[in-house]
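Chemist: Dropping a structure here in structure tokens format, bear with me for questions.
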Amino acid sequence: MDAALLALVSTFALVLAVELPDKTLVATLVLTTRFRPWPVFTGVAVAFAAQCAVAVLFGRALTLLPDNVVAAVVAAMFGLGAFMLLREGFAKGRDGDEDAARSGPGPVTFFRSALTSFGVLFAAEWGDASQLATAGLAARYGAPVAVAVGAFTALVVVAGIAVFVGHKIRGRIRPKLIQRIAGFVFAGLALFALWEAVSAI
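Numbering (the numbering used here), first residue to last: 70 to 270.
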């Protein structure tokens, strides 16, 4: 498989697995209950594009460092992501999100709805596991465009699920289980990157 295609597919799969049970889906779902679907989807998609660009630029900057330093930083990012996912995966659920989702949609302009959605998701994604993964994969594969496209596509798919069928999906999947699996995957990637860092010394 071509390196760029491998980077794209790997990033898409990992970010999708991380974001399906994450606050991104819940936040988008709640926003959709308050505003019309298309403004929410537009604002969320633009927020994801901006966050992917930031993550990829950070990951690209890492490639200027020595290999062992890059591997150590990637290991730290995946380790942090694993910690965040496993902490939430084994934490008790909160009822606040369901309560917030009960409020009905209001008569708000397209621009205001989109801007609100952008602000909520742009803030929510800072330091998120998917952003850490995107930066780490950009540094690892050296294919920033492919990684950005993979991450953005996965995030948009999650947003689409939340906007259109999120309330049905939430009743059929076990978000905590997916979160735990993704956390262990991150932990494995962190250990592999750490091994690479030690081997490069």
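C-beta atoms are modelled at their ideal positions from N, C-alpha and C, and glycine is treated no differently.
Being a predicted model, the structure only gives us computed values, none of them experimental.
#1: According to DSSP, is P106 part of a helix, a strand, or is it coil?
#2: What number of angstroms, rounded off, separates the C-alpha of A73 from the C-alpha of A215?
#3: Just the C-alpha distance for A76 and L184, rounded to the nearest angstrom, thanks.
#4: What's the C-alpha gap between T97 and L263?
#5: For P135, count neighbouring Cβ atoms within 10 angstroms of its own Cβ and tell me buried if that reaches 16, exposed if not.
#6: Helix, strand or coil for V177 per DSSP?
#7: Return the CA-CA distance between E88 and A269, expressed in angstroms with no decimal places.
#8: Give the single residue among F81, L85, A204 whose Cα lies nearest to the Cα of L149.
#9: With a threshold of 16 other CB atoms inside 10 Å of the CB of A212, please say whether the residue is buried or exposed.
Modeler: The relevant details are as follows:
#1: For the purposes of this step, residue 106 is taken as the residue at position 37 of the sequence shown. DSSP places P106 in the helix class (H, G or I) of the three-state scheme.
#2: To locate residue 73, count along the sequence shown from 1; it is residue 4. To locate residue 215, count along the sequence shown from 1; it is residue 146. Separation of A73 and A215 (C-alpha to C-alpha, rounded to the nearest whole angstrom) is 6 angstroms.
#3: Taking the first residue of the sequence shown as position 1, residue 76 is located at position 7. Taking the first residue of the sequence shown as position 1, residue 184 is located at position 115. A76 and L184: Cα-Cα distance of roughly 31 angstroms.
#4: The residue given as residue 97 occupies position 28 in the sequence shown. The residue given as residue 263 occupies position 194 in the sequence shown. Going by C-alpha positions, T97 is about 35 angstroms away from L263.
#5: Here the question's residue 135 lines up with position 66 in the sequence shown. With a 10 Å radius around the Cβ and a threshold of 16 neighbouring Cβ atoms, P135 comes out exposed.
#6: Numbered from its first residue, the sequence shown carries residue 177 at position 108. Residue state, collapsed to three classes: coil.
#7: If you number the sequence shown from 1, residue 88 lands on position 19. If you number the sequence shown from 1, residue 269 lands on position 200. C-alpha separation (whole angstroms): 32 angstroms.
#8: Your numbering for residue 149 matches position 80 in the sequence shown. Checked all of F81, L85, A204; the closest Cα to L149 is A204.
#9: Here the question's residue 212 lines up with position 143 in the sequence shown. Under this definition A212 is a buried residue.
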